[in-house]
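Q:
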Amino acid sequence: MKQIIVTVGREHGSGGKYIAEQIAKQLGIAFYDKELLLDSVFSAEDAARYDEKPVHLLWSRRIGENFNAPEDALAHETFDYIQKLADSGESFVVLGRCSDFLLRSNPNAVHLFIAGKPDQKRQRLMEEKSLTADQAALEMRRVDRDRKAYHNYYCDTKWGDARGYDLVVNSGKLGIEKTVDTLVTYVRAYQAQNE
Numbered sequence: 005m006k007q008i009i010v011t012v013g014r015e016h017g018s019g020g021k022y023i024a025e026q027i028a029k030q031l032g033i034a035f036y037d038k039e040l041l042l043d044s045v046f047s048a049e050d051a052a053r054y055d056e057k058p059v060h061l062l063w064s065r066r067i068g069e070n071f072n073a074p075e076d077a078l079a080h081e082t083f084d085y086i087q088k089l090a091d092s093g094e095s096f097v098v099l100g101r102c103s104d105f106l107l108r109s110n111p112n113a114v115h116l117f118i119a120g121k122p123d124q125k126r127q128r129l130m131e132e133k134s135l136t137a138d139q140a141a142l143e144m145r146r147v148d149r150d151r152k153a154y155h156n157y158y159c160d161t162k163w164g165d166a167r168g169y170d171l172v173v174n175s176g177k178l179g180i181e182k183t184v185d186t187l188v189t190y191v192r193a194y195q196a197q198n199e
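Throughout, this note's numbering is defined as the position within the sequence shown, counted from one, plus 4.
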């Protein structure tokens, strides 16, 4: 079977992680998220401390390919690991980590972004994390702000902008399970077209 890579960006509360996991499961390929990727390149303590944190420009500098900011080093080690996975010929689904931009020229990659309706995202977070409506809304804004800042800092494309993805889907339109089915059908159609 020819390699297939599916990159999945998502809004917080959209069900994007579950959708990505289910795509990997239905396609019978590996799934990589933040935990698996970061465990491969950094200690859990460093990953928790520096992941998706803004680089403090006053305290950091870059000389050639070398970074002295731990946030930058963590990001670039993660990017290198994703590229090595792609270069190995392995088929996989990867969640976030600027993978849409990193693998933009890979002909075997399909780039997806999962959005959602604000009220449904808030409700999902309230149920999953036992949050109040205000806490869920605050968490949605904070997490999406951080994801956007991280992506936009390292990438030439903008987080969530349809021009950076092959398909942008609102999981609230069909519901989570039908969104999974639709995306699996899309990926399989792309895969069949390119074999």
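We treat Cβ as the ideally placed atom computed from N, Cα and C, and that holds for glycine.
1. Hey, which unbroken runs of the beta strand (DSSP E) at 3 residues or more fall wholly within the stretch 111-160?
2. Using the Cα positions of Ser64 and Asp150, report the straight-line distance between them to the nearest angstrom.
3. Can a CB atom of chain B be found closer than 8 angstroms to the CB of Arg14?
4. Hey, out of Cys102, Lys125, Ser109 and Ala193, whose CA is closest to Asp91's CA?
5. With a CB to CB cut of under 8 angstroms and the five nearest residues on each side skipped, what residues in its chain are close to Ser134?
6. Reducing DSSP to helix, strand and coil, say where Leu171 ends up.
7. For Asp138, does the count of other Cβ atoms within 10 angstroms reach 16, so buried, or fall short, so exposed?
8. Are the CB atoms of Leu187 and Ile33 nearer to each other than 8 angstroms?
9. When burial is assigned at 16 or more other CB atoms within 10 Å of the CB, is Thr189 buried or exposed?
10. What is the DSSP secondary structure of Arg101, counted as helix, strand or coil?
11. Helix, strand or coil: how does DSSP classify Arg14 here?
12. Whole-angstrom Cβ separation of Phe96 and Cys159, contact assumed at under 8 angstroms?
13. Could you tell me the distance, in whole angstroms, from the CA atom of Asn174 to the CA atom of Gly17?
14. Excluding five sequence neighbours on each side, which residues of the same chain lie with their C-beta closer than 8 angstroms to the C-beta of Leu31?
15. When you compare each of Gly19, Met5, Gly13 and Lys6 to Gly176 by their alpha carbons, which one comes out closest?
16. Cα-Cα, which of Ile118, Glu75, Val114 and Met144 is closest to Tyr157?
17. Mapping DSSP to helix, strand and coil, what is Ile33?
18. Would you tell me roughly how many angstroms separate the C-alpha atoms of Pro122 and Met5, rounded to the nearest one?
19. Do Arg126 and Ala141 have their C-beta atoms closer together than 8 angstroms?
A: On the basis of the coordinates in this document:
1. Whole beta strand (DSSP E) segments, 3+ residues: 113-119.
2. Start at 1 with the first residue of the sequence shown, and residue 64 comes out as number 60. Start at 1 with the first residue of the sequence shown, and residue 150 comes out as number 146. For Ser64, the predicted structure reports a pLDDT of 47, less than 50, and the residue's modelled location is therefore unreliable. A value from the coordinates is still provided. So the alpha carbons of these two residues sit roughly 19 angstroms apart.
3. No chain B appears in this structure, which consists of one protein chain only.
4. As a working note, residue 91 is residue 87 in the sequence shown. Checked all of Cys102, Lys125, Ser109 and Ala193; the closest Cα to Asp91 is Ser109.
5. The count along the sequence shown starts at 1 and reaches residue 134 at position 130. Within the same chain, Ser134 has no close Cβ partners at all.
6. On the sequence shown, position 167 is the one that residue 171 refers to. Leu171 falls in the strand class under three-state DSSP.
7. Translated into positions along the sequence shown, residue 138 becomes position 134. Exposed, since its Cβ has fewer than 16 Cβ neighbours within 10 Å.
8. For the purposes of this step, residue 187 is taken as the residue at position 183 of the sequence shown. For the purposes of this step, residue 33 is taken as the residue at position 29 of the sequence shown. In this structure, Leu187 keeps its C-beta atom at 8 angstroms or more from the C-beta atom of Ile33.
9. Counting from one through the sequence shown, the residue named residue 189 turns up at place 185. Around the C-beta of Thr189, fewer than 16 other C-beta atoms lie within 10 Å, and the residue is accordingly described as exposed.
10. Here the question's residue 101 lines up with position 97 in the sequence shown. Looking at Arg101 - three-state DSSP - the assignment turns out to be coil, as it is neither helix nor strand.
11. One-based indexing of the sequence shown puts residue 14 at position 10. The three-state reading of DSSP puts Arg14 in strand, counting E and B together.
12. For this step, residue 96 is matched to residue 92 along the sequence shown. For this step, residue 159 is matched to residue 155 along the sequence shown. In this structure Phe96 is not in contact with Cys159, their Cβ atoms being roughly 20 angstroms apart against a cut-off of 8 angstroms.
13. For the purposes of this step, residue 174 is taken as residue 170 along the sequence shown, with counting starting at 1. For the purposes of this step, residue 17 is taken as residue 13 along the sequence shown, with counting starting at 1. For Asn174 and Gly17, the distance between alpha carbons rounds to 11 angstroms.
14. Here residue 31 refers to the residue found at position 27 of the sequence shown. So the list reads Ile8, Val10, Ser95, Val97, Val188, Val191 and Arg192, once near-sequence residues are dropped.
15. For the purposes of this step, residue 176 is taken as the residue at position 172 of the sequence shown. Of the candidates Gly19, Met5, Gly13 and Lys6, the one whose C-alpha sits nearest the C-alpha of Gly176 is Gly19.
16. Position 153 of the sequence shown, counted from the first residue, corresponds to residue 157. For Tyr157, the nearest C-alpha among the options comes from Glu75.
17. Mapped onto the sequence shown, residue 33 falls at position 29. Shown here, Ile33 sits in coil according to DSSP, grouped into three states, outside any helix or strand.
18. If you number the sequence shown from 1, residue 122 lands on position 118. If you number the sequence shown from 1, residue 5 lands on position 1. When the Cα atoms are used, Pro122 and Met5 turn out to be separated by approximately 39 angstroms.
19. In the sequence shown, residue 126 corresponds to position 122, counting from 1. In the sequence shown, residue 141 corresponds to position 137, counting from 1. The answer is yes: Cβ separation under 8 angstroms.
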